[in-house]
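Chains as they are written, first to last, in full-length UniProt numbering: chain X, 1 to 639; chain B, 1 to 639.
Using N, Cα and C, we set each Cβ at its ideal position, and we do this for glycine too.
Below: one structure, written as structure tokens.
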């Protein structure tokens, strides 16, 4: 019986209900699922075909199914030889074959249907004939001889093909996001993300953490410049969308929810910024009666527990660097430790005043430092233009001169004319440089020198990788803790004042607690960052739980108006336990895990890098009538 | 060694780090946790003391711990006899005893510390002396003889006591929410909520559902009047905070994420409304290749799986009523089926024109109906004032007259003077009324009659319960499906036009699909509501997956501008599978589970019923400078 192809969607809808009759009904699926008990997310195969029409997914059939009658639903992926159709869902692909005697019946229409149309077929699983097995396809040993087919929905001709080989430009993919979601990459990323989050939840719940939802309609944070505002119906009064649940998680600790987590939606209005999203997600954790090391231990266990099993397992404990060490060795507070090329302190070797007059502009002052990085095979692989680019970058970003020394030959001899052979030898030896390596040197104020060389280190590795050297092996995930950050930094708009390096609730390093009252600019904090392959993927701190200290920091050090924070200060005064926490940036973490270039590739419906939803065209105009309940008017900027 | 009481929080902070040394260090906790593998949320005891100072929680110690040295952290709950202190955390309470020889040492301060201060104690677990066991306290067989104590944070005198017996007024509790969170009720509600959600996730993941986060910064929905607006930095352009991820979940289906769920934050700007929150949470589910019955099966399994184990298990399948049946039998589309008192059709018994002239105003027209409810023992228990109140309610809400018939004596004789004895007998028999019951009758247009009596039915049960009758046993949870709703309703502002009864994406009932084009007002939908104990806790539908049908509904039936929905129409045209879904109201569900009067009692930081955050005072004023980036001005209403 070949039930035939139903044309209209409405008929298809009715057909769908007809299909619910035996032999492969929804009810049957439902019955099968009665055996499902409590099971963990990673625990064996999932019940993918309960509560729906299909008997199997398109990725499921194997030789053991031969002879079974099955019902498959999916998208028309491919057609060939006027007899074969490949049906796809997001678990795989199955080859269908139209029996010879049906080729001029309703099967004809199937063979002429627009690709990406949605169909439901019944048929029998058969062995493929000898020689026609497809070893590249998990279902490649079988095919389904169809006995009935129903078109559930016809597709128009699509603006681009669902084919990972054809990656059209990103705006088009964002405009038709529902089509791009059919790509293997996005399906993989979103499913991995879901599994990762579920594993994290499982671990956190096993440790007694309570999942608490906190509000997103809150009041503005003092100094929280990047918060979206939401007008209320009360004239002149606004909510703000907070950048994190920071205050709420601390208040939960005061309220005795002593182990909190939340996969929290956060908001940040930064206008257009590449690879930032106006809304993003963090794995937010806070616990009481704890300290920095314990939070780090917790996060390490959390990540090890939830790490995708097809990746090499993580090793604990993760490495830790202090902020100072990170800056000195890698020229950044988020070092990529997958490769070497560390900064080397050569102040002793080169001397404070031995840079020649050609390099007068970078002549170090007495108190300053000289640092070098050694680029392996740099002398051989980089051309003059490459070195010019590198020097230009340091000049542009940090106004920092950089000197290049190309090592030649087998004896590692340098090309420098301004260092004595002894000094050259000491320098090369200190840097561990070999023949055909290149040294990049910078001298001056430590921070500029380090940041410049840190940037050049990353540029060099990219250049070297373009030339075929593999310095950062694919699939290597190198976590790193960076600790002992400064607690305060000079304010950018007025360097005589201080601002929090992270946020004003960060506790001082216990060894520096006294400095808060005397030299706050010298105090280190109990903040910790988690870095993965050179990207910051998390940050947290021990919080201030003492109200006098918090008040001192807000009023005296930061000169904030504590009126706005009175609820938090009162809470700290009401039996607040010591507490600490962390937030992991989920989007970034998943992007690194799947090797995506942008967090847009791990978010189902991201905004464009200009902050627009290209699919629905948001943000959009509102009429004055729609704004009236909020007592706001538009005021267009003068042009 | 009695380490002594450290006064300042800063010293306490340093003390906290000192305490990390053995024998009870954080590291030790961390090591213990290495044995934790994949485990489900309900799987045995949780590791509550890893990654923190304490060795045990305050609810954990039993006789088997006698002789062990332990470290406990918690809040000073209670003190008595100048020697005993009760320490509380949110897992229980433990009695501490200050040894006799320490009563004048630093132990003195402990005994004079403000209640609710936070302390950390070390000590030895000992059997309580004979006769001093407390059977009402899980830890009541033991006490801890303390050897050292540290004050981690002092509390001020609090505005109210953390004691479930003292429930102060709600505004004060909302203002100091972080204190109210310490109450047993809120701790229980939030922890139950977390467990419930985790069990739901575990079940959904086991069925292959993918947790996908959808944006909350979206564009306005046509007709979506209750959406908060969020100004963007582009002059005149706004995001909206959607009331549900409806469009996104459908687009995910088009995108092949064929089984989606999300615990989704939703927004609804209704101004001040009792027991509504501007942000709320729904368990959002959508799947492809499915139908109404399958979604109902799925939800039943989901709820059975995640149902708290200390409640009686749920029975499957849940009962189902059509919308018409619900209205006819219970006078509402969300019947409380825990008790009877159903509406009885007595049109035949009383006759269309037999109400006497005293009741002329409710004389039914020929085509109308007469309905009755029988209030058990109403004649005995209700006074005239009660009946006046009931009649007044029907008049006030529905302009509906209601006639009361009080049955007397043992023979069920009525007091009516306007029905013949035969008619009275037939009426009493049809209603199953007994002696001393009361009948409430209404006649007129069916909808008003039913809604009136439906409201009175609920009023009566409350009145009866106040009088000591138990009609709705505590702990009884009665789920019910209501199906076959009308697809469209007359618009309230213009009854000649139609609006969607639920939303414009709802598919018509297959038997009524043809009516969409001819008599849309008569079409039923494939919408289904889930009702628990008379409250709507969920609603969903089979969606329209055919773009022509969707366009017809939007353009022709609802007369909407489809321009705003072009992305959805295009998506339906691009290979959209048939799909259906549901959203469960998590706040309401948890409130019913824990017997809370308001959803505010199951949300960590709710807004007041006027929509304010009384703790932080949100929404709040913003300065013109803060509004400037959004190109909006305030326009205050004229007074």
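As assigned by DSSP and simplified to three states, the class of residue i
i	result
residue 403 of chain B	strand
residue 237 of chain X	strand
residue 511 of chain B	helix
residue 682 of chain X	Residue 682 of chain X falls outside the range modelled here, since chain X spans only 1 to 639, and no answer is possible.
residue 81 of chain X	coil
residue 394 of chain B	helix
residue 53 of chain B	coil
residue 47 of chain B	coil
residue 114 of chain B	coil
Range covered by the alpha helix (DSSP H) that runs through residue i
i	result
residue 323 of chain B	323-330
residue 546 of chain X	Where residue 546 of chain X is concerned, there is no enclosing alpha helix (DSSP H), given that its DSSP letter is neither H nor E.
residue 68 of chain B	Residue 68 of chain B -> no alpha helix (DSSP H), and no H or E assigned at all.
residue 217 of chain X	First-last for residue 217 of chain X: undefined, no H or E at that position.
residue 428 of chain B	421-431
Cutoff 7 Å: residue i Cβ touching any chain X Cβ
i	result
residue 261 of chain B	no
residue 182 of chain B	yes
residue 58 of chain B	no
residue 117 of chain B	yes
Residue-chain proximity (residue i, chain B), Cβ-Cβ < 7 Å
i	result
residue 30 of chain X	The pLDDT assigned to residue 30 of chain X is 34, lower than 50, so where the model puts this residue is not dependable, and the model offers no usable value.
residue 208 of chain X	yes
Whole-angstrom distance between residue j and residue i, CA atom to CA atom
i	j	result
residue 85 of chain X	residue 111 of chain X	7 Å
residue 445 of chain X	residue 205 of chain B	55 Å
residue 399 of chain B	residue 447 of chain B	12 Å
residue 130 of chain X	residue 142 of chain X	11 Å
residue 292 of chain B	residue 458 of chain B	30 Å
residue 305 of chain B	residue 198 of chain X	17 Å
residue 253 of chain X	residue 223 of chain X	23 Å
residue 430 of chain X	residue 188 of chain X	46 Å
residue 604 of chain B	residue 342 of chain B	38 Å
residue 368 of chain X	residue 216 of chain B	51 Å
residue 607 of chain B	residue 277 of chain B	7 Å
residue 59 of chain B	residue 149 of chain B	19 Å
residue 249 of chain B	residue 74 of chain X	18 Å
residue 483 of chain B	residue 226 of chain B	26 Å
residue 72 of chain X	residue 290 of chain X	53 Å
residue 442 of chain B	residue 473 of chain B	29 Å
residue 256 of chain X	residue 52 of chain B	14 Å
residue 577 of chain X	residue 561 of chain X	25 Å
residue 92 of chain X	residue 300 of chain B	29 Å
residue 275 of chain X	residue 245 of chain B	24 Å
Opening and closing residue of the beta strand (DSSP E) in which residue i lies
i	result
residue 488 of chain B	488-490
residue 500 of chain B	498-500
residue 95 of chain B	92-97
residue 655 of chain X	Absent from the structure is residue 655 of chain X, since the part of chain X shown begins at 1 and ends at 639.
residue 480 of chain X	479-483
residue 123 of chain B	118-127
residue 350 of chain X	Unbroken run through residue 350 of chain X is the alpha helix (DSSP H), 347-350; no beta strand (DSSP E).
Beta-carbon neighbours of residue i, restricted to chain A and to distances below 7 Å
i	result
residue 211 of chain B	This model lacks chain A altogether; the protein chains it does include are X and B.
The ligand NAP heavy atom lying under 6 Å from the CB of residue i
i	result
residue 128 of chain B	In terms of ligand content, the structure shown is empty, and the ligand NAP therefore cannot be addressed.
Contained alpha helix (DSSP H) runs [length at least 4] in the stretch 152-199 of chain B, N- to C-terminal order: Counting only runs of 4 or more, we get 170-175, 177-180.
Complete beta strand (DSSP E) runs within the stretch 516-595 of chain B (minimum length 3 residues, chain order): Here the runs fully enclosed are 527-532, 535-542, 579-585.
Completely contained beta strand (DSSP E) runs for the stretch 434-461 of chain X, where each covers 3 or more residues: Assignment of beta strand (DSSP E) within the stretch 434-461 of chain X, counting only whole runs of 3 or more residues, yields 438-444 in chain order.
Runs of beta strand (DSSP E) lying entirely within the stretch 274-316 of chain X, each at least 3 residues, in chain order: As far as the stretch 274-316 of chain X is concerned, its whole beta strand (DSSP E) runs of at least 3 residues are 279-288.
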